[in-house]
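Novice: Once you know that position 196 of the sequence shown is 196 in the UniProt record's numbering, the rest is easy, because the numbers rise by one and skip nothing. Here a beta-carbon is modelled for each residue, glycine too, at the ideal position from N, C-alpha and C. Computed from a prediction, not measured in an experiment: that's the story for all the values here.
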Amino acid sequence: MMPNSPNQEPSSVECPKRFTCNNDNTDRYRTANGACNNLINPSLGMSFTPQGRFIPPMYSEGDAPRDHHHMPSARLVSNKLFDAKNTTIFSTIHTVQFMAHGQFIAHDVAATPGEGADLDCCEPANSLEKDCYVIPVPEDDPFFKSITCLNFVRSSAAGKSCSTGQREQMNDVTSFIDGSMVYGSTEEQMSKLRDTHGGLLNMSSNKMLPENPNGECRNIQPQHHCHLAGDFRVDEIPNLGMNHLLLVRQHNAIARKLEEINPHWSDEKVFQETRKIIIALVQHITYNEYLPLMVGKKAMNRHRLRIRRRGRNPFKDLYDQELDPRIRNSFATAALRIGHTLIVPSLAYLSSDYRTLHRENLDDNFFSTHMILKEDGSYTDKIARWLTHEQCMKADRFFQSEVRNKLFKMEGTSHDLAARNIQRGRDHGLPDYNSWRQFCGLIPVKFCDDIIADHDKESSDKIKELYRHASHIDLYAGAVSETPKPGSLLGPTFQCIFVRQFQALKNGDRHWYERPRGKAGFTRDQLNSIKSMKLSKLFCDNFNLPKIQPNAFLKSNKKIPCRNFPSLNLDLWKDMSQ
Ligand code: HEM
Ligand SMILES: [Ca+2]
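1) I'd like to check one pair, VAL173 with HIS251: are the Cβ atoms closer than 8 angstroms?
2) What is the DSSP secondary structure of ALA158, counted as helix, strand or coil?
3) Determine the extent of the alpha helix (DSSP H) in which THR388 is found, giving its start and end residues.
4) Just tell me which of ALA280, GLN503 and PHE98 has its CA closest to the CA of HIS389.
5) Do the CB positions of VAL403 and ILE338 come within less than 8 angstroms of each other?
6) Taking PRO550 as the reference, which of ASN544, PHE539 and PHE543 has the closest Cα?
7) Any heavy atom of ligand 1 inside 7 angstroms of the beta-carbon of GLY241?
8) Taking C-alpha atoms, which residue in GLU273, ALA32 and ASP456 lies nearest to LEU193?
9) List the endpoints of the continuous beta strand (DSSP E) containing LEU357.
10) Say whether the stretch 70 to 89 touches the stretch 206 to 218, bearing in mind that this needs 3 or more beta-carbon pairs closer than 8 angstroms, one atom from each stretch.
11) Out of SER378, ASN405 and ALA504, which one is the CA nearest neighbour of PRO142?
12) So what's THR92 in DSSP terms, helix, strand or just coil?
13) Can you give me the C-alpha to C-alpha distance between SER435 and GLY429, rounded to a whole angstrom?
14) To which residues does DSSP link MET393 through a beta bridge?
15) Straight-line CA distance for ILE285 to ALA35?
16) I need the DSSP call for ASN570, collapsed to helix, strand or coil.
17) Tell me the rounded alpha-carbon separation between VAL134 and PRO325.
18) Are THR274 and GLY199 touching if we call contact CB-CB under 8 angstroms?
19) Would you call the CB atoms of ASN243 and PHE367 closer than 8 angstroms?
20) Ligand 1 heavy atoms versus the CB of MET181: any closer than 7 angstroms?
21) Report the option in ASP575, ARG385 and PHE502 whose CA atom is closest to the CA atom of GLY296.
22) Assuming LEU347 is part of the beta strand (DSSP E), what are its boundary residues?
23) Put ASP83 into one of helix, strand or coil per three-state DSSP.
24) Any heavy atom of ligand 2 closer than 7 angstroms to the Cβ of ILE105?
25) What is the rounded straight-line gap between the Cα of ASP27 and the Cα of HIS511?
26) Going by DSSP, what residue range makes up the alpha helix (DSSP H) through TRP436?
27) Considering only the beta carbon of each residue, do LYS534 and GLU289 sit closer than 8 angstroms?
28) Could you check if THR174 belongs to the surroundings of ligand 2, using beta carbon to heavy atom distance under 7 angstroms?
29) Under three-state DSSP, which class holds LYS537?
30) Suppose you measure from the CA of GLU514 to the CA of ARG66; what does that come to, to the nearest Å?
31) Measuring alpha carbon to alpha carbon, tell me which residue in VAL480, LEU362, PHE565 and PRO431 is nearest ASP454.
32) Can you find at least 3 beta carbon pairs, one from the stretch 306 to 323 and one from the stretch 550 to 567, that sit closer than 8 angstroms?
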């Protein structure tokens, strides 16, 4: 079953009716489903509503995928442009955790549903199904020798009650960076994850994620199980499950301390205060440590995305209730998927002196929890060392074969993640690459130029070979192959989409963690303490890593003892009101 198109929803999905918000309930804490964050339009950013768009979609006819005659098959694009050809070039700078955090955040902000998880569109009997949109395999394909078709089912269309006329895709999770992958995107999901005491989240024995009897994983050994988390994709790959585990452990550690210093607080109060701190940490780590590496410090400054420093006035209020906080289609379906080029071909357990104890192929770990659950979870420390010590792949246009040829190989025919990204863009009617360049104020690329703008000679030649017209180029293909801007991993087109999306997620979030106290925020000292936290410190506190580099995303940093990192000062949450 494709994990990112899992739902049993009908293929056209209806939206919730308009409703009014009860401010008393939404001022201090976020709702589970993101409703009432924006008080003018309370459903903006809420789960199970349509994704937004920066520019209108470009479908073929009606709502058929953007597909011109003679458009190259998405698999052909993948073969020509994304094939690493048995080379494995690692980043010299970034750790595996840098890749892993991107996926974790992706699952906080986007989950595009598709019907027909079990529909096999390559089966001739199904070829006329309206949501089928298979990927043709070229005859001389270097990997898929005996098949001519890769299965692909279109994302569900938003129903009439929520669409603007054009076909739109839904987002099943809250758009906000609000830890919804940890806490769920509905009240119902959230309550299933909670213990009813002390503000805790459920865990299984040995501080592991709770069991999910209906989860999407394959159990390799009888003693292993699927995990229950706020997001159904938790078991897709162990690096993701590890990030879930990190935050659930952190939640419970904070909740225990808050309960200890505030014994009069109810379960609900401890839970919500802890959740608020965890969300602040996720926002802080993402904007303070992750984004500067992805987007580049210069662009962060230019677009006012930088976090204000700790000090006398750590607050920053750029909230704009007119700003649409929703996830944009082009961001979820193209720009953030740049992270797929960082995916590593293998996973490892590392000893406390960082020797490799055991290594496994990535493709043997799709939907499997066996590496995480080995010996009742006691090997998670060894995976945490792998995440923070080894490098991810270099940020270039190349995909490792483990995801470009062998994605979800246990499903029979495997899939190609790069081809899926291209096909998904067409399915969603994402306008062509040049339309995006225009939107971003960049000159459109021209095929009469020797080398097309913002590309090197090789990628320029490949693009020209693949597409008949410059106006046909897929956004993903054109933008991933751009030369990155200095200090950034992104070329100008994805950088433009990233900064706009991350501005919306920051300045369009009424509960943004840097907003002044009022009813909603933190005190100055609390905020300063949150801002002193690093992701490395969370790894120190929740896994056995005596040393770690100051920035968990950077390989190049020297490791320092965990005791050198400041701790979150939870005494600042002592409540004198009773
Ligand atoms: C670690 C291994 C990973 C695997 C196996 C994986 C797999 C997938 C798959 C199968 C899809 C759906 C493809 C489609 O049918 O459209 C997807 C979507 C996506 N992926 Fe990944 N991915 C991984 C890592 C990442 C990383 C590192 C990032 C970002 C830094 C990322 C960002 C996204 C985004 C934004 C989507 C779209 C989500 C949605 O709208 O539902 N993924 N991924
Ligand atoms: Ca969210």
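Specialist: Taking the geometry as given:
1) Indexing the sequence shown from 1 puts residue 251 at position 251. Indexing the sequence shown from 1 puts residue 173 at position 173. Taking 8 angstroms as the Cβ cut-off, HIS251 and VAL173 do not qualify as a contacting pair.
2) Counting from 1 along the sequence shown, the entry for residue 158 is found at position 158. Residue state, collapsed to three classes: strand.
3) Position 388 of the sequence shown, counting from 1, holds the residue named residue 388. THR388 -> alpha helix (DSSP H) spans 380 to 389.
4) Residue mapping note: residue 389 aligns to position 389 of the sequence shown, counting from 1. For the options ALA280, GLN503 and PHE98, the alpha carbon positioned closest to that of HIS389 is the one of PHE98.
5) Residue mapping note: residue 403 aligns to position 403 of the sequence shown, counting from 1. Residue mapping note: residue 338 aligns to position 338 of the sequence shown, counting from 1. No, the pair does not count as a contact, with Cβ atoms beyond the cut-off.
6) Taking the first residue of the sequence shown as 1, we reach residue 550 at position 550. Out of ASN544, PHE539 and PHE543, PHE539 has the C-alpha closest to the C-alpha of PRO550.
7) Locating residue 241 in the sequence shown gives position 241, where the first residue counts as 1. At a cut-off of 7 angstroms, the beta-carbon of GLY241 does not count as near ligand 1: no heavy atom of the ligand is closer than that.
8) Looking up residue 193 in the sequence shown gives position 193. The shortest CA-to-CA distance from LEU193 to any of GLU273, ALA32 and ASP456 is the one to ALA32.
9) If you number the sequence shown from 1, residue 357 lands on position 357. For LEU357, the enclosing beta strand (DSSP E) has its first and last residue at 356 to 361.
10) No contact exists between the stretch 70 to 89 and the stretch 206 to 218.
11) Reading the sequence shown from its first residue, position 142 is the one you call residue 142. Shortest Cα-Cα distance from PRO142 to any of SER378, ASN405 and ALA504 involves ASN405.
12) By 1-based counting over the sequence shown, the position of residue 92 is 92. Strand.
13) Within the sequence shown, residue 435 is the residue found at index 435, counting from 1. Within the sequence shown, residue 429 is the residue found at index 429, counting from 1. Roughly 12 angstroms separates the two Cα atoms.
14) Sequence index remark: in the sequence shown, residue 393 carries index 393 (1-based). PHE90.
15) Within the sequence shown, the letter at position 285 stands for residue 285. Within the sequence shown, the letter at position 35 stands for residue 35. Here the C-alpha atom of ILE285 lies approximately 24 angstroms from the C-alpha atom of ALA35.
16) Numbered from its first residue, the sequence shown carries residue 570 at position 570. This sequence places Leu at residue 570; Asn is not what is there. Helix.
17) In the sequence shown, residue 134 corresponds to position 134, counting from 1. In the sequence shown, residue 325 corresponds to position 325, counting from 1. Taking the straight line joining both Cα atoms gives about 33 angstroms.
18) Looking up residue 274 in the sequence shown gives position 274. Looking up residue 199 in the sequence shown gives position 199. Their beta carbons are under 8 angstroms apart, which means THR274 touches GLY199 by this criterion.
19) Taking the first residue of the sequence shown as 1, we reach residue 243 at position 243. Taking the first residue of the sequence shown as 1, we reach residue 367 at position 367. ASN243 places its beta carbon 8 angstroms or farther from that of PHE367.
20) Here the question's residue 181 lines up with position 181 in the sequence shown. Result no, Cβ not under 7 angstroms from ligand 1.
21) Within the sequence shown, residue 296 is the residue found at index 296, counting from 1. Cα-wise, what sits closest to GLY296 is PHE502.
22) One-based indexing of the sequence shown puts residue 347 at position 347. The continuous beta strand (DSSP E) containing LEU347 extends over residues 346 to 350.
23) In the sequence shown, residue 83 corresponds to position 83, counting from 1. Residue state, collapsed to three classes: strand.
24) Counting from one through the sequence shown, the residue named residue 105 turns up at place 105. Judged by the Cβ position, ILE105 fails to qualify as a neighbour of ligand 2 at the 7 angstroms threshold, every heavy atom of the ligand being at least this far.
25) Here the question's residue 27 lines up with position 27 in the sequence shown. Here the question's residue 511 lines up with position 511 in the sequence shown. If I take the Cα positions, the gap works out to 8 angstroms.
26) Here residue 436 refers to the residue found at position 436 of the sequence shown. In this chain, the alpha helix (DSSP H) harbouring TRP436 covers 433 to 439.
27) Indexing the sequence shown from 1 puts residue 534 at position 534. Indexing the sequence shown from 1 puts residue 289 at position 289. Yes. Within cutoff.
28) Stepping through the sequence shown from its first residue, residue 174 is reached at position 174. Under cutoff, so the answer is yes.
29) The count along the sequence shown starts at 1 and reaches residue 537 at position 537. Note: LYS537 maps to helix in three-state DSSP.
30) Counted from its first residue, the sequence shown places residue 514 at position 514. Counted from its first residue, the sequence shown places residue 66 at position 66. In a straight line, the C-alpha of GLU514 is about 41 angstroms away from that of ARG66.
31) On the sequence shown, position 454 is the one that residue 454 refers to. Nearest C-alpha to ASP454 among VAL480, LEU362, PHE565 and PRO431: VAL480.
32) Output reads no: the stretch 550 to 567 does not touch the stretch 306 to 323.
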